[in-house]
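Right, here's the structure in full:
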């Protein structure tokens, strides 16, 4: 009986550790994606304000963003992966189009959808943020 209980406790501890490691991996992918998205958003904001572009090439930033999105697809839920793809696609369209026509609304909606999917994926248990 005592050995069975000890084994059960060990299994539960192992499951908790594995779940925490998976959550940490999801969090790392989400933060990497958000960092790449923020760098693209900076370029778009500077372009909209008529300021000089940062030193780094825009194509490199887009490449980093698509790569970070793939990390989200690998370790996060389907919902978070889809939201990351939609947000990445909206940013890509904004970067490639020099004429801004209502793209910021779509970009903002896609960012919000990703943030909520990511929060759900990290099991924050917190209410949605009004935006």
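Numbering (UniProt numbering), first residue to last: 1 to 131. Note that the Cβ used here is the ideal one computed from N, Cα and C, for glycine as well. In this text the structure is predicted, and so the values were computed from the model without any measurement.
Best match in the options for proximity to residue i [C-alpha to C-alpha]
i           : options        : result
residue 86  : 59, 75 and 117 : 117
residue 26  : 53, 57 and 70  : 70
residue 109 : 61, 130 and 72 : 130
residue 107 : 6, 42 and 29   : 42
Cβ shell of residue i (< 8 Å), same chain only, five flanking positions each side left out
i          : result
residue 79 : 117, 120 and 121
residue 52 : 46
Sub-8 Å separation of residue i and residue j beta-carbons
i          : j          : result
residue 65 : residue 40 : yes
residue 75 : residue 84 : no
residue 32 : residue 68 : yes
Neighbourhood of residue i by C-beta distance below 6 Å, restricted to the same chain and skipping five residues each side
i          : result
residue 77 : 121
Cutoff 7 Å; reference residue i; Cβ partners in own chain excluding five residues on either side
i           : result
residue 128 : 116
residue 58  : 43 and 95
Inside the segment 61–115 only - beta strand (DSSP E) runs reaching at least 3 residues: none
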